[in-house]
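Take the sequence shown: its letter number 169 is residue 169 in the UniProt record's numbering, and every next letter is one higher. Reading through the structure tokens given below for one structure.
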Amino acid sequence: MRTYKVLIFVLLSAILLTACGPAATPTVEPTVAATEAPTAAPTEAPTEAPTVDATQAPLPEGVVNILTVKLKPGLKWSDGGDVTAKDLVGTYNIYWLQKSAIWGYLKDVVAVDDNTVEFQISAASPRVLRLILRANQFAPYSQYGTWMDKAAELRAAGTAADSDEGKALLDDLYAFKPETIVAYGPYVIDPTTVTEAQLELTKNPTGYNADKIGFDKILVYYGETAASLPLVLAGDVDYSTHGYTPSDVETISATPNLKVFTGPTGTGPGLWFNEDVYPLGKKEVRQAFAYIIDREENATVAMGPAGKAVQYMAGFTDLQVDAWMSADDKAKLNTYPKDWAKAEELLTSVGCTKGADGMWVDDKGQALDFELWVPADFADWLGAAENAAQQLNAFGIKATVRGYPSAERPTTQTEGKYDILVDLSLYYNPPHPQTSFNYYLNTPRNNPEGEAGAKGFDWPWKQTLADGTEVYIPDLLTEAAAGFDFEGQKPAIAKLASLVNDQLPVLALFERYSTDVFNFGTRVDGWRDFTDPIYQNNQADLYVAIQFLNGELKPSATGDGTFHTVYPYIQPPNYDLNFFTSTSLEASVGNPSYNVMFPPLFYYMWSDATYVPAVAESYTLR
1 MRTYKVLIFV
11 LLSAILLTAC
21 GPAATPTVEP
31 TVAATEAPTA
41 APTEAPTEAP
51 TVDATQAPLP
61 EGVVNILTVK
71 LKPGLKWSDG
81 GDVTAKDLVG
91 TYNIYWLQKS
101 AIWGYLKDVV
111 AVDDNTVEFQ
121 ISAASPRVLR
131 LILRANQFAP
141 YSQYGTWMDK
151 AAELRAAGTA
161 ADSDEGKALL
171 DDLYAFKPET
181 IVAYGPYVID
191 PTTVTEAQLE
201 LTKNPTGYNA
211 DKIGFDKILV
221 YYGETAASLP
231 LVLAGDVDYS
241 THGYTPSDVE
251 TISATPNLKV
261 FTGPTGTGPG
271 LWFNEDVYPL
281 GKKEVRQAFA
291 YIIDREENAT
301 VAMGPAGKAV
311 QYMAGFTDLQ
321 VDAWMSADDK
331 AKLNTYPKDW
341 AKAEELLTSV
351 GCTKGADGMW
361 VDDKGQALDF
371 ELWVPADFAD
381 WLGAAENAAQ
391 QLNAFGIKAT
401 VRGYPSAERP
411 TTQTEGKYDI
421 LVDLSLYYNP
431 PHPQTSFNYY
441 LNTPRNNPEG
451 EAGAKGFDWP
461 WKQTLADGTE
471 VYIPDLLTEA
481 AAGFDFEGQK
491 PAIAKLASLV
501 NDQLPVLALF
511 ERYSTDVFNF
521 GTRVDGWRDF
531 TDPIYQNNQA
541 DLYVAIQFLN
551 GELKPSATGD
561 GTFHTVYPYI
571 QPPNYDLNFF
581 TSTSLEASVG
591 NPSYNVMFPP
601 LFYYMWSDAT
611 YVPAVAESYT
621 LR
């Protein structure tokens, strides 16, 4: 068995649907300071997949790989107990009970000794490594052992997680309301400090790398983007992940000590066409939309310099097209430059005509008249929708913007009652092209074989490639992320990119870039220069948390020994201190605050495509 620096192909992407905005409002989009050039993304594709050491004992039945993780010895929880494999295994038993996505790839999780855990993988995929090594933090057995053990018993007995017993156990877990948070990082929330305005994380002296970090506490102000701006401009915030308007960025950049860092997130909005709304089911009509809408204008109006128009229309971020597609396949992609003459040609080819009033009608004599549905509380997407509607109206296609509450997104996506939906057209977290394709081409957002009222935008899964080959989209999605043979995944990715580029079930508009604000010198010294490769990471592998946890950031001579940030955490009295609930306070405080309580096993370094240990010591794969 040997240690692998697994080359999962990457972009600077994001976490949660948007890496740069607060998690509670994942699509509040950022803007970019004109003075800062974005960091270049890695361009080399992985050329080697992990190999199996044939000298090892045979793998258990149904297991294709075993990922072994070793924890760093000597780690302590804030209640004084040792961090052990028992905590990690127990957490994964709870994840099983919660029907977490990771258990779609696992057969078992086993403690080998106090510091070693084996993950028995039943379905190999780049996502498995991301979830285990980076995404999934763990909870203390000392607090949750009762539920961890009972979940393990149910799993061992073959009882389904959604059985009556499983549901009852999960309900009992969610009803647990601990009075304190037990963490293994260098800081932990002090519950007595939580107010509607702010909360504090105090030093956990036994936590990971606590002896290397000089800040006495972290102060987290409550605030969405608008509320955070006065705090930022007053110098009261050392780091903010919020998305600011172009005018905000200009003001911030002119303020002493403040700098704005920009970088790609791997996310961005586009238009989802409902195939059941005539004549949007015709690709020529969708292609006409692509030639009508000036994506550069759309990006600028919606985001200022923080919006980068999509060029290749490959279905995933432009920054990774060269790495995942051959030069020949890339050359075949239609970039759909603004061309109203071409749009008219396409519409005419399917029987549409332009009336004396300048407005278009379809071959049945019905006006081309569509509503663009958009979450009204996502200001950037709303701006994109309004600009797209203006351009379509100017061309002669009537378009009206219809806003709806973002809380209704899941239902809106699934039911498919819209004409055209503004939603994610790029989604690159975990960092792999299949993530984007799977997000919008698969259930529940596109389910052409589903029941009425649950088909999403209803783009057929049976498609024909340019060479006449018939393909089935779910099969391609599976092939595009199967195993650790990244070269072997490229043919399926190329086919998906070709289909999305030609058929345009989703029309990408732009990719969002971040506007992270750094305060240099007021309270914090030691920031790395923005040219450092660490900033090729995006907020999913947060460059700030890494510098903080490594002890690189120091209290400045003019500071008071505290580090300040701002985030829209769950407000009292609506939160709890249960690690596993959706109302968990610790999970709602944003970065770097969450990461300094619960550091990941590894961080992924985008500059050289390697996993770098944090609280883990190493991992091996066979």
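Ideal placement from N, C-alpha and C gives every residue a C-beta, glycine not left out. It should be emphasised that the depicted structure is a prediction, and the values quoted were computed from it without experimental measurement.
Asked, Found
"Starting from the N-terminal side, write out each stretch of the beta strand (DSSP E) that is 3 residues or longer and does not extend beyond the region 355–440.", "369–375, 398–404, 420–427"
"Which residue wins for smallest C-alpha separation from residue 130, given the options 102, 597, 550, 360?", "102"
"Could you say which of 460, 232, 189 lies nearest to residue 217 if we only look at CA atoms?", "189"
"Indicate the three-state DSSP secondary structure (helix, strand or coil) for residue 445 in the structure shown.", "coil"
"Give me whichever residues DSSP pairs with residue 511 in a beta bridge.", "308"
"Please report the residue range of the alpha helix (DSSP H) in which residue 299 lies.", "295–303"
"To the nearest angstrom, report how far apart residue 335 and residue 384 are at their CA atoms.", "19 angstroms"
"How many Å lie between residue 373 and residue 420 at the Cα?", "6 angstroms"
"Do the region 278–296 and the region 335–353 touch if we need at least three Cβ pairs shorter than 8 angstroms?", "yes"
"Is it right to say residue 13 is buried, meaning 16 or more other beta carbons lie within 10 angstroms of its own, or is it exposed?", "Because the pLDDT of residue 13 is 34, which lies under 50, any placement of that residue in the model is unreliable, and the number read from its coordinates should be weighed accordingly. Residue 13 should be labelled buried."
"Within its chain, find whatever has a CB closer than 7 angstroms to the CB of residue 338; leave out the 5 residues flanking it on each side and keep chain order.", "291, 294"
"To the nearest angstrom, how far is the alpha carbon of residue 605 from that of residue 451?", "43 angstroms"
"Taking the alpha-carbon of residue 568 as reference, which of 441, 594, 110 has the nearest alpha-carbon?", "594"
"For residue 283 versus residue 350, is the C-beta spacing smaller than 7 angstroms?", "no"
"By how many angstroms is the C-alpha of residue 553 removed from the C-alpha of residue 276?", "55 angstroms"
"Rounded to the nearest angstrom, what separates residue 521 and residue 272 at their Cα positions?", "45 angstroms"
"In this structure, how does DSSP classify residue 613 when only helix, strand and coil are distinguished?", "strand"
"Please report how far the alpha carbon of residue 128 lies from the alpha carbon of residue 264, in whole angstroms.", "24 angstroms"
"Could you say which of 514, 551, 525 lies nearest to residue 536 if we only look at CA atoms?", "514"
"Assuming residue 74 and residue 148 form a contact by the criterion Cβ under 8 angstroms, report the distance between their Cβ atoms to the nearest whole angstrom.", "The pair is not a contact, with the Cβ atoms about 23 angstroms apart (cut-off 8 angstroms)."
"Can we count residue 335 as close to the ligand MN, meaning its CB is less than 6 angstroms from some heavy atom?", "With respect to the ligand MN, the structure shown offers nothing to examine, as it has no ligands at all."
"Since residue 272 sits in a beta bridge, which residues does DSSP pair it with?", "421, 506"
"If I follow the unbroken alpha helix (DSSP H) through residue 594, where does it start and stop?", "593–597"
"Give the range of the beta strand (DSSP E) segment to which residue 66 is assigned.", "65–71"
"Can you tell which of 511, 543, 245 has the C-alpha that lies nearest to the C-alpha of residue 320?", "511"
"Please confirm whether residue 613 and residue 602 have their CB atoms less than 7 angstroms apart.", "yes"
"Quick check on residue 31: does DSSP put it in helix, strand or coil?", "Note that residue 31 scores a pLDDT of 27, beneath 50, so its modelled location is shaky; the value from the coordinates is reported in the next line. Coil."
"Let's see if you can read the secondary structure: which residues bound the beta strand (DSSP E) around residue 605?", "602–605"
"Alpha carbon to alpha carbon, what distance is there between residue 541 and residue 609?", "12 angstroms"
"For residue 185 and residue 532, what's the separation of their Cα atoms in angstroms?", "25 angstroms"
"Under 8 angstroms: do the region 437–453 and the region 487–507 share three or more Cβ pairs, one atom per stretch?", "yes"
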